[in-house]
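Asks: Sequence lines, in order, name chains A and B.
Taking this note's numbering, the leading residue of the first sequence gets 1, the next gets one more, and so forth.
Taking this note's numbering, the leading residue of the second sequence gets 1001, the next gets one more, and so forth.
We put the beta carbon where it would ideally sit given N, CA and C, even for glycine.
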Amino acid sequence: MPAPTATETPADLLQVEQVSVHYGKIVALRKTSFAVGPGSLVLVLGPNGAGKSTLLRALAGSVALRSGRVVLAGKDVGGVPAHQRVKYGIALVPEGRGRLPGLSVKENLDLGWHAAAPARRGAYATAIDEVLALFPPLSERMNQDCSTLSGGEMQMLAIARALLAKPRVLLLDEPSLGLAPKAIARVYEALAQLNATGLAMVLVEQKAVPLPARREATLVLQGGSVVFQQNRRPSADELAELYLGERAA
Amino acid sequence: MTGRRVEMAALVLVSVAVVAAPLFGSRLIVYYFTITALYASVVIALNLLLGLAGQVSFAQTTFMAIGGYGTALMTVRLGLDPWLSILLAMLLAALAAFVIGRPLLRLRGHYLSMATFALALGTYSFVTAAMALTNGGIGISGIPPLEIADISFAEPRMFYILSWIFCALVLAGYILLAESHIGRAWRALATGQDIAATLGIDVPGFKLMAFVLAAVVASVSGSLYVEFTSFVGPDLYDINIILSLFFMLFIGGRGSTIGPIIGAGIVVIVPQLMSGLERYQNLIFFIILLLLLLIRPAGLFGRMRESVPLAALLPGWLRVSREGRSA
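#1: Check the Cβ of LEU1112(B) against every Cβ in chain A and list those closer than 7 angstroms, keeping chain order.
#2: For the segment 41-71 of chain A, enumerate the residues whose C-beta is nearer than 7 angstroms to any C-beta of chain B, in chain order.
#3: Mark LEU138(A) as exposed unless 16 or more other C-beta atoms lie within 10 angstroms of its C-beta, in which case mark it buried.
#4: Do we get a CB-CB distance below 7 angstroms when we pair ILE1175(B) with the residues of chain A?
#5: Let me see if you follow: with CB-CB separation under 7 angstroms, is ALA28(A) close to chain B or not?
#6: Leaving aside the five residues before and after VAL1226(B) along the sequence, list all residues of the same chain whose C-beta is less than 6 angstroms from its C-beta, in chain order.
#7: What does the alpha-carbon distance come out to for the pair THR9(A) and SER62(A)?
#8: Quick one: Cα of ALA1017(B) to Cα of ALA1010(B), how far?
#9: Using a beta-carbon distance cut-off of less than 8 angstroms, what residues from the segment 92-123 of chain A approach chain B?
#10: Whose CA, out of PHE1228(B), LEU1293(B), ARG1004(B), lies closest to the CA of PRO1145(B)?
#11: Measuring only between beta-carbons, confirm whether ALA83(A) sits less than 7 angstroms from chain B.
#12: Run through the DSSP bridge pairs and tell me what TYR23(A) is partnered with.
#13: Report the neighbours of VAL1006(B) on chain A: residues whose CB is nearer than 9 angstroms to its CB, in chain order.
#14: Where does MET201(A) fall in DSSP's three states?
#15: Leaving out the 5 sequence neighbours to the left and right, which residues in its chain are closer than 6 angstroms to PRO1156(B) when beta-carbon positions are compared?
#16: Along chain A, which residues have their Cβ under 8 angstroms away from the Cβ of ALA1059(B)?
#17: Between which two residues does the alpha helix (DSSP H) harbouring GLN135(A) extend?
#18: In angstroms, rounded to a whole number, what distance separates the CA positions of SER1256(B) and SER40(A)?
#19: Would you say ALA1200(B) lies against chain A (beta-carbon separation less than 7 angstroms)?
#20: If we count the other Cβ atoms within 10 Å of its Cβ and call it buried at 16 or more, is PRO210(A) buried or exposed?
#21: Between the alpha carbons of ARG57(A) and SER67(A), how many angstroms are there, rounded?
#22: Suppose contacts are defined by Cβ-Cβ distances below 7 angstroms. Is ALA108(A) in contact with LEU157(A) by that definition?
#23: Taking Cβ positions only, does VAL21(A) come closer than 7 angstroms to chain B?
#24: In the DSSP assignment, what are the bridge partners of SER67(A)?
#25: Can you check whether the C-beta of ILE1182(B) is within less than 7 angstroms of a C-beta belonging to chain A?
#26: Sort out for me which residues DSSP pairs SER225(A) with in a bridge.
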């Protein structure tokens, strides 16, 4: 197996350099590096507890870096708190679909629109119409409490909300988790469309995903360390070996 | 939404009652309605903090005490104008909330509750113990009344109007904030702080804003209360009051608009109606509260779907169940 290298993707939009995260004494993520450019995809795979969510949370600013840099378009945003980092163009679709019970669908979307930097957010009506065109089922549910949505609809809402923040890089934490196959297909169809129009994505999943991308790289995390990093996807056999396996060096 | 319509109807009824009370009611009714308005204001502010922003703070009495004792000391000891004393006490409460809010609000859930509970109990102990400053358990009396030109608010009906104007302003402020982006941000961080942060919401900042606003309202209400009775003492901030504010909110329905006023009215007025029961008055009152909260855990004006049918409270053998013995 080839040794993991830092920048195999042709990219400079988001550069993640030697990022480590500790929770107290526990090392959750060890010296992870990769880069992602416009229209490209970084797929992060790994079993439960491998550090995938920690990586996304570190990129979004929800957890502090122990060391390393997060460089967005040439600027180190690693110390910028989460609520400001989103304005630089990093938006997170969190694990568990980011439910905010008690808020209507429209209110969720309004939050997303407000999250964007004022110079980038665009006219409210246009911005909302854009995401509703991508996820038509939401337009019928605008005044419904978001906790009444189906899993697929909630995931659509979480993605729509993040898109309204006008990200340059979209971080997605297991968007297929717990969804019916039909809903997964629908969500991934939208993601493919977004990726094709130039949105950079860092996508966390446990298993391989049905998302074609022009330029992509795959990272596999295991126990907080990168055990696979290439511009191709690992085969099912490789993945099984990585998940179960002896730590590949 | 029907919930909204019910609230609107309740708001109209409350408005009618508030206008009618001084015209047709006895002095006693005017007195208790005034007390209701003052507590309702504190509870509306608590609702903003707890019902919207999800921060369970027991510290409202601390800021009421800053208003109450602030006004008493500045008017009686320093001879300041009562209006000025209200303003200065309010600024002091805002400053205090700002300073203690930052570290306290880093605590989540039960830890925040416990810390603010300690603060509230500490406040009571302090005003009881600090004899030289507060006169201890004896309290401070002879607080001069508020006046504007020829109008003296020593006249109960005038003070009644003042207290309800204040309450209406607080309610209007609550509604404006609740419907704004700020209110939406509070509700978002109440259920998901991390999610809210990634949506551009400065979570510590918004929490602190709610805490300071609640403190400001509590302080002004605390000042008005002692202006009304011309007396301040530790009992105004004891554990009964600390907990009563929560009863008022939870009976009315947290997150509702009219709930805090109805809740305050029930807690202030209902025990007075039962004065014939003498020493069982409180017992009966708390049994009523218990039943109310069992049937409507979300409060009278809380979300309907959280209500529990009365039948569910009966023991199993009393219930007629089509499902037979399955639980």
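Replies: Looking at the atomic coordinates:
#1: In chain order: nothing, as chain A lies at least about 19 angstroms away.
#2: ALA60, SER62
#3: buried
#4: no
#5: no
#6: GLY1068, THR1071, ALA1072, ILE1143, VAL1232
#7: Bear in mind that a pLDDT of 41 at THR9(A), under 50, signals an unreliable position, so the number given afterwards is only what the model happens to contain. Distance between the alpha carbons of THR9(A) and SER62(A): 25 angstroms.
#8: 10 angstroms
#9: LEU92, PRO94, GLY98, ARG99, LEU100, PRO101, GLY102, LEU103, GLU107, ASP110, LEU111, GLY112, HIS114, ALA115, ALA116
#10: PHE1228(B)
#11: In the sequence as presented, Ala is not what sits at residue 83(A); that position holds His. At least one chain B Cβ lies under 7 angstroms of HIS83(A).
#12: ILE26(A)
#13: Ordered by position in chain A, no residue passes the 9 angstroms Cβ test against VAL1006(B), which lies about 17 angstroms from the chain.
#14: strand
#15: VAL1030
#16: Correct list: empty, because the minimum Cβ distance to chain A is about 24 angstroms.
#17: Checking the sequence, you will find Phe at residue 135(A) rather than Gln. PHE135(A) -> no alpha helix (DSSP H), and no H or E assigned at all.
#18: 47 angstroms
#19: For the record, residue 1200(B) in the displayed sequence is Gly; it is not Ala. It does; some Cβ of chain A falls within 7 angstroms.
#20: exposed
#21: 14 angstroms
#22: For the sequence presented, residue 108(A) should be read as Asn rather than Ala. Yes, the Cβ-Cβ distance between ASN108(A) and LEU157(A) is below 7 angstroms.
#23: no
#24: SER20(A)
#25: no
#26: GLN222(A)
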